[in-house]
Every structure is written in structure tokens, then in C-alpha cells.
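> Dropping the structure in here first, questions after.
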Amino acid sequence: MGNREDLLAGARTCLFEKGYARTTVRDIATAAGVSMAAIGYHFGSKEALLTAALTEATREWGTELARALAATDVTDPDALRRFATRWDAVRESIADHRGVWAATFDALSHADSREQLAATMPEARAGLARLFGGVADDDRTAGLVYQALLIGVAAQYLIDPETAPTGSDLADGLRRITGVDAHR
């Protein structure tokens with residue numbers, strides 16, 4: 474690996490072990506086995522490096538989530554049961570990638586990362602619309618809803634995994650809120 478890749482790997486390790494706020498330039502350089510000056514040379518700042526590492530980790534999580542969702546049963550005629558099955562896969566993926574989610578929420582509280590993270594939101598929303606299917610890839614509102622659900626479920630899972638909503642909880646809540654018959 475070159476310095477740039479080593480830095481991304483080191484930053485990722487630090488993000489998952491220490492979090493965004495507690496990671497220092499020295500931590501990253503040590504984890505990457507490179508000089509502290511390499512961070513400035515390749516990324517301009519520690520914050521830009523941490524955000525790049527988090528973005529990369531999130532994209533990898535998205536790829537794994539796509540595989541998990543592809544393995545779910547989409548032939549069930551009950552739309553809310555299909556929804557519940559898919560959201561159970563999401564919840565399991567959040568559990569398997571807790572470090573990505575903890576680092577994401579940590580980074581959200583820092584002004585220097587918010588702008589860079591905000592720039593990735595349209596891509597994330599479009600990706601979620603594609604992953605869950607049933608809508609056009611560019612369906613902004615579907616992407617917004619999926620993102621709101623995802624962030625909410627992830628936050629609740631990080632706080633208390635035992636009481637975080639399951640797919641069935643979400644489907645039942647949607648049924649109650651909308652009054653929609655599940656067999657549509």
C-alpha cells in the first residue's frame with residue numbers, strides 16, 4: 474500500500490477504536506506507519522482524512538447491505554412483510570458494522586465534517602432508493618424516507634440494541650400510521 478491507502482486504513486482503525494473527536498494526527502500516523510506530515514500532503518487536514526475514511530467505510534457497508542438485501546425474499550405478496558424482512562436485514566447489518574455507525578454519529582457533531590458529509594447525502598439517498606427498490610433510482614423522497622428510517626434505527630440500536638425497532642415493529646408502525654392494507 475502507498476501512504477494514501479495506509480493513511481485511510483489507519484484513520485479507519487482510529488475512527489472505530491477512538492471515534493472522530495478523540496482521534497489525533499499522531500494516532501493516525503502511528504496506526505498508518507507514516508509521518509504526520511503525510512496527512513497534510515495527501516488530505517490537507519486530519520478532518521478531511523477522517524471524513525474520507527468514514528465515507529469509504531460507509532460505501533463498503535452499503536455494498537454489504539446490498540448483498541444482505543438481495544438475499545431477502547422479495548416474492549412475498551405481503552408488502553409490509555417484505556418491508557419487515559428487509560429492515561431486519563438492515564438492523565443486522567447495523568449490528569455487524571457498529572463501528573461505522575458510532576463513527577458516523579460522532580462525526581455529525583463536528584462542524585468541520587458536516588459539510589463534507591452533507592455533500593455525500595444525495596448519493597446516499599439515491600443509493601438507498603436503489604437498494605430498497607420499488608422506486609426510481611432518482612426518487613428523492615423515497616431516499617429521504619429510507620435515510621430517515623436508517624439513521625433513526627441506527628441511533629436507537631447504538632443506544633440500546635435490545636429495544637431498537639425490528640422490521641416487524643417498523644412495518645406495524647407504518648400500517649398503523651397510514652392505515653394501508655399490508656397486501657398491496
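For this note's numbering, add 473 to where a residue sits in the sequence shown, where the first one is 1.
All C-beta atoms, glycine included, are put in the ideal place defined by N, C-alpha and C.
#1: What does a CB cutoff of less than 8 Å around L647 pick up in its chain, not counting 5 residues either side in sequence?
#2: My assumption, with CB atoms under 8 Å, is that R564 sits in contact with T545. Please give the rounded CB distance.
#3: Which term fits Y493, buried or exposed, when burial requires 16 or more other beta carbons within 10 angstroms of its beta carbon?
#4: Shorter than 7 Å, the distance from the beta carbon of V547 to the closest heavy atom of the ligand MN, or not?
#5: Looking at C-beta atoms only, is the number of pairs between the stretch 506-516 and the stretch 528-547 that lie closer than 8 Å three or more?
#6: Taking the alpha helix (DSSP H) that Y630 belongs to, which residues open and close that run?
#7: Does DSSP classify M594 as helix, strand or coil?
#8: Confirm, please, whether the CB-CB distance from F516 to L488 is below 8 Å.
#9: Taking the alpha carbon of W574 as the point to measure from, which residue in Q629, G640, S518 has its own alpha carbon closest?
#10: Spatial neighbours of L643 within its chain, please: C-beta separation below 6 Å, excluding the five flanking residues on both sides.
#11: Give the list of continuous alpha helix (DSSP H) stretches no shorter than 4 residues that lie fully inside the stretch 523-595.
#12: Could you tell me the alpha carbon to alpha carbon distance between G640 and P550, rounded to whole angstroms?
#13: Put R603 into one of helix, strand or coil per three-state DSSP.
#14: Leaving out the 5 sequence neighbours to the left and right, which residues in its chain are closer than 8 Å to V626 when beta-carbon positions are compared?
#15: Within 10 angstroms of the Cβ of D633, are there 16 or more other Cβ atoms? Answer buried if so, exposed if not.
#16: Within the same chain, show all residues whose beta-carbon is closer than 8 Å to that of L581, passing over the 5 residues directly before and after it, in chain order.
#17: Relative to the alpha-carbon of Y514, which residue among G475, L623, A621, A615 has its alpha-carbon at the smallest distance?
#18: Relative to the alpha-carbon of E596, which residue among Q620, L542, F578, H583 has its alpha-carbon at the smallest distance?
Checking against the coordinates, here is how it stands:
#1: L553, F556, V653
#2: Wrong, their Cβ atoms sit about 12 Å apart, outside the cutoff.
#3: buried
#4: No copy of the ligand MN occurs in the structure displayed, which carries no ligand at all.
#5: no
#6: 613-632
#7: helix
#8: no
#9: Q629
#10: W560
#11: 552-569, 571-581, 584-592
#12: 16 Å
#13: helix
#14: W560, V563, R564, I567, A637, P638, L643
#15: exposed
#16: R587, L590
#17: G475
#18: Q620
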